[in-house]
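What follows is a single structure, written as structure tokens, with notes after it.
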């Protein structure tokens, strides 16, 4: 493995800068003051208007497309996003919150748009948000970032694969320069060679600015591969831009390192809030979490999350993200402890939070409105979106553990999910 130290934009270990610590410690609790979303009349036109007017007056946003008052008709803007277009799929979109965050990037109160057809989902996340709001803020830190592509080269024998790999590692600075020529945003941070018999797999690791980065790193990696094919004296008998070693859109133990952004979040829940809002006890909540972690291990699940994919998928759809990336993004490690005063400490870490606030589907009208609702549209906002996303997952995990520990889970789905 060669680390391109001259080009590093984020270290390859969990590093927290002192300025981030200072920011978290000096959190302004005035930011925690925010009005609840009106939740009366959940299905009526009047209730919808009440919530839209709340957003418009509170955040000074139009929301004309999400409300249906304006209709998308700019077909030319679809180029690069879809082929054989016939129309838009409409998915119900609701809102939860406010979610109160003290993050290294995201600080303050956030109203979260979620697009889903699963009844009880928003109610559950909203309850989790309320419990955290009563005890919070949720502390969130972004630790690392990186997006990978893994070009793969096959040779006649192992010796050729070894010679090729040595040549590659002697030219990593050139690869870095080619990356800078190919993209204004991508930075090649790391080159890792993995040899499997007569096959050499290159794991190229980049940062991608505020884009999720899959297309960007594919283009940069192809430029590197073309240079290799033209200049390396050892010629492969076959090569491909992706050997399925990147973990793209899949759960992979390899990506517990980082793919996208690695973020971690924590909250301390007071015993009285656990009882009054989550309708359970600290002992029952902890026991439910412990049993679910044990079950996940026995089932061979990567991570110990219960349902982060639910919240992520709903958020990704609403905000124009690559929904298939929930495959890796939803991998979560959770930790729960009963601490002093019979309170609960709960933490969640997610190493594959692939999100973007530019490019992809982020500029379509309803998706743009949802990103603007979060203050996450445009350049410089992807870290903020990642921190909001993990905080959302934290609230959902707490709520589902609480529901299962106290026998509410089935009743909630009978009432709201049918």
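In this note's numbering, the protein residues as written are 1194 to 1611.
For each residue, glycine too, the CB sits at the ideal point set by N, CA and C.
Buried or exposed (CB count within 10 angstroms, at least 16 for buried), residue i
i: residue 1374; result: exposed
i: residue 1318; result: buried
i: residue 1273; result: exposed
i: residue 1583; result: buried
i: residue 1199; result: For residue 1199, the predicted model reports a pLDDT of 39, less than 50, meaning its position is unreliable and no value from the coordinates is stated.
i: residue 1600; result: exposed
i: residue 1230; result: buried
i: residue 1264; result: exposed
i: residue 1493; result: exposed
i: residue 1395; result: buried
i: residue 1281; result: exposed
i: residue 1276; result: exposed
i: residue 1341; result: buried
i: residue 1397; result: buried
i: residue 1593; result: buried
i: residue 1467; result: buried
i: residue 1262; result: exposed
i: residue 1560; result: buried
i: residue 1441; result: buried
i: residue 1580; result: buried
i: residue 1487; result: exposed
i: residue 1214; result: exposed
i: residue 1407; result: buried
i: residue 1236; result: exposed
i: residue 1475; result: buried
i: residue 1250; result: exposed
i: residue 1209; result: exposed
i: residue 1422; result: exposed
Nearest-angstrom beta carbon gap, residue j and residue i [assumed within contact, 8 Å]
i: residue 1430; j: residue 1349; result: 6 Å
i: residue 1566; j: residue 1252; result: 7 Å
i: residue 1527; j: residue 1590; result: 6 Å
i: residue 1654; j: residue 1586; result: The question about residue 1654 has no answer, for the chain in this structure spans 1194 to 1611.
i: residue 1322; j: residue 1290; result: 6 Å
i: residue 1521; j: residue 1452; result: 6 Å
i: residue 1320; j: residue 1470; result: 7 Å
i: residue 1308; j: residue 1511; result: 4 Å
i: residue 1419; j: residue 1207; result: About 35 Å separates the two Cβ atoms, so there is no contact after all.
i: residue 1329; j: residue 1399; result: Contact doesn't hold; Cβ gap of about 34 Å is too wide.
i: residue 1438; j: residue 1310; result: 34 Å between Cβ atoms; not a contact.
Cβ shell of residue i (< 6 Å), same chain only, five flanking positions each side left out
i: residue 1346; result: 1393, 1429, 1432
i: residue 1417; result: 1368, 1371
i: residue 1302; result: 1227, 1291, 1293
i: residue 1604; result: none
i: residue 1465; result: none
i: residue 1538; result: 1461, 1530, 1532
i: residue 1326; result: 1293
i: residue 1258; result: 1558, 1559, 1562
i: residue 1497; result: 1486, 1489, 1526, 1527
i: residue 1211; result: none
Contacts around residue i, its chain only, beta-carbon distance under 7 Å, and the 5 residues preceding and following it disregarded
i: residue 1472; result: 1595, 1599, 1601
i: residue 1519; result: 1502, 1505, 1506, 1509
i: residue 1278; result: 1268, 1271
i: residue 1597; result: 1481
i: residue 1609; result: 1312, 1313, 1316
i: residue 1499; result: 1485, 1590, 1593, 1594
i: residue 1415; result: 1434
i: residue 1444; result: 1495, 1520, 1521, 1524
i: residue 1247; result: 1230, 1231
i: residue 1224; result: 1300, 1301, 1302
Close-in-space but distant-in-sequence residues of the same chain around residue i (CB under 8 Å, 5 per side omitted)
i: residue 1197; result: Unreliable placement is indicated for residue 1197, whose pLDDT of 49 sits below 50; no coordinate value is reported for it.
i: residue 1357; result: 1346, 1348, 1393, 1425, 1427, 1429
i: residue 1391; result: 1347, 1348, 1349, 1350, 1351, 1353, 1354
Three-pair Cβ contact test at 8 Å for the stretch 1279-1287 versus the stretch 1544-1556: The stretch 1279-1287 makes no contact with the stretch 1544-1556; the number of CB pairs closer than 8 Å stays below 3.
Uninterrupted beta strand (DSSP E) stretches inside the stretch 1322-1405 (no shorter than 3 residues): As far as the stretch 1322-1405 is concerned, its whole beta strand (DSSP E) runs of at least 3 residues are 1331-1342, 1345-1347, 1380-1389, 1392-1400.
Three-pair Cβ contact test at 8 Å for the stretch 1562-1581 versus the stretch 1474-1481: Touching, no, given that fewer than three Cβ pairs across the two stretches are closer than 8 Å.
Contact the stretch 1290-1297 vs the stretch 1218-1238: 3+ CB pairs below 8 Å: Taking 8 Å as the limit for Cβ pairs, the verdict is that the stretch 1218-1238 does touch the stretch 1290-1297.
Stretch pair the stretch 1386-1394 + the stretch 1326-1341: three plus CB contacts closer than 8 Å: The stretch 1386-1394 is not in contact with the stretch 1326-1341.
Inter-stretch contact (C-beta, 8 Å, three-pair minimum) for the stretch 1511-1518 and the stretch 1539-1553: Taking 8 Å as the limit for Cβ pairs, the verdict is that the stretch 1539-1553 does touch the stretch 1511-1518.
Any 3 or more C-beta pairs closer than 8 Å across the stretch 1529-1544 and the stretch 1456-1464: Because the criterion of three Cβ pairs below 8 Å is met, the stretch 1529-1544 and the stretch 1456-1464 touch.
Touching by the beta-carbon criterion (3+ pairs, under 8 Å), the stretch 1363-1381 and the stretch 1400-1413: Contact holds: three or more Cβ-Cβ distances are below 8 Å.
Contact the stretch 1530-1538 vs the stretch 1231-1240: 3+ CB pairs below 8 Å: Not touching, per the Cβ criterion.
Completely contained alpha helix (DSSP H) runs for the stretch 1556-1610, where each covers 4 or more residues: List check, alpha helix (DSSP H) in window: 1558-1567, 1575-1598, 1602-1609.
Entirely enclosed alpha helix (DSSP H) segments - the stretch 1470-1531, minimum 4 residues: Taken in chain order, the complete alpha helix (DSSP H) segments of 4 or more residues contained in the stretch 1470-1531 are 1475-1492, 1501-1511, 1519-1522.
Complete alpha helix (DSSP H) runs within the stretch 1211-1272 (minimum length 4 residues, chain order): Counting only runs of 4 or more, we get 1211-1218, 1238-1252.
Unbroken stretches of the alpha helix (DSSP H), 4 residues or longer, contained in the stretch 1413-1475: As far as the stretch 1413-1475 is concerned, its whole alpha helix (DSSP H) runs of at least 4 residues are 1464-1469.
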